[in-house]
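Numbering (the working numbering), first residue to last: 33 to 260. C-beta atoms are modelled at their ideal positions from N, C-alpha and C, and glycine is treated no differently. Owing to the predicted nature of the structure, the values given are computational and were not obtained by experimental measurement. Below is one structure; the comments refer to it alone.
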């Protein structure tokens, strides 16, 4: 199965082409490339590199959130347009699940976290499932940094870019995954989407939308009557 994977949720996005579970090509994105207008040329370039026509792609994988508002909009919009134009299937994957899948799953539960600004994190807790993949125990939530830190127990393992600000505050005994595995990668996204697709998962591209898990700062100010 030929897969195009779009990871645009973080500051270090990427695009990958996979054939089943085999990686064919991968391109890292700069911040300037995480808009719908600039992402399209990157997709075209990677398809040329692997000698695929757009209609050769059978599955589009995309991170649905949480993450950067701008990045998520770009990835989801590109996935929807591409699927509409080519007839490819779509599988959207939670960003924290992608991050968790980049760590070896052991008996201890794993927390994946991303910075949500305002002294908060996006966080989800995962356990190892029967198939060896991360299974959410606590779904994605937005939570104050100090409240999340208080939830950690000695056996927990932690990962994700949210640790860049919190690693020094972790309780004693909590295990930190190597920072090389913190950022979500398109390759991991592609692998997960392929496995989900094999299990029958599909995402309706007509209803696909970014999962922000919070309102933008402007929307919150409007709700508070600070903007008119």
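Residue i: first and last residue of the uninterrupted alpha helix (DSSP H) it sits in
i: residue 167; result: No alpha helix (DSSP H) contains residue 167, which is instead part of the beta strand (DSSP E) from 166-176.
i: residue 113; result: 101-118
i: residue 138; result: Looking at the DSSP string, residue 138 is not in any alpha helix (DSSP H), and its letter there is neither H nor E.
i: residue 133; result: 127-133
Buried/exposed call for residue i, threshold 16 Cβ in 10 Å
i: residue 127; result: buried
i: residue 291; result: Residue 291 falls outside the range modelled here, since the chain spans only 33 to 260, and no answer is possible.
i: residue 177; result: buried
i: residue 203; result: exposed
i: residue 228; result: buried
i: residue 205; result: exposed
i: residue 85; result: exposed
i: residue 120; result: buried
Residue(s) in a DSSP beta bridge with residue i
i: residue 191; result: 144
i: residue 207; result: 189
i: residue 149; result: 152
CA nearest to the CA of residue i, picked from the options
i: residue 152; options: 140, 179 and 166; result: 179
i: residue 81; options: 214, 59, 95 and 110; result: 59
i: residue 133; options: 191, 105, 114 and 33; result: 191
i: residue 216; options: 109, 199 and 103; result: 103
i: residue 159; options: 243, 208 and 189; result: 189
Span of the beta strand (DSSP E), counted from its first residue to its last, around residue i
i: residue 95; result: 91-97
i: residue 38; result: 34-39
i: residue 213; result: That residue, residue 213, is in no beta strand (DSSP E); it is neither H nor E in DSSP.
i: residue 155; result: 152-160
Extract the residue ranges of the alpha helix (DSSP H) inside the stretch 49-87, only unbroken runs of 4 or more that lie entirely within it. 68-81
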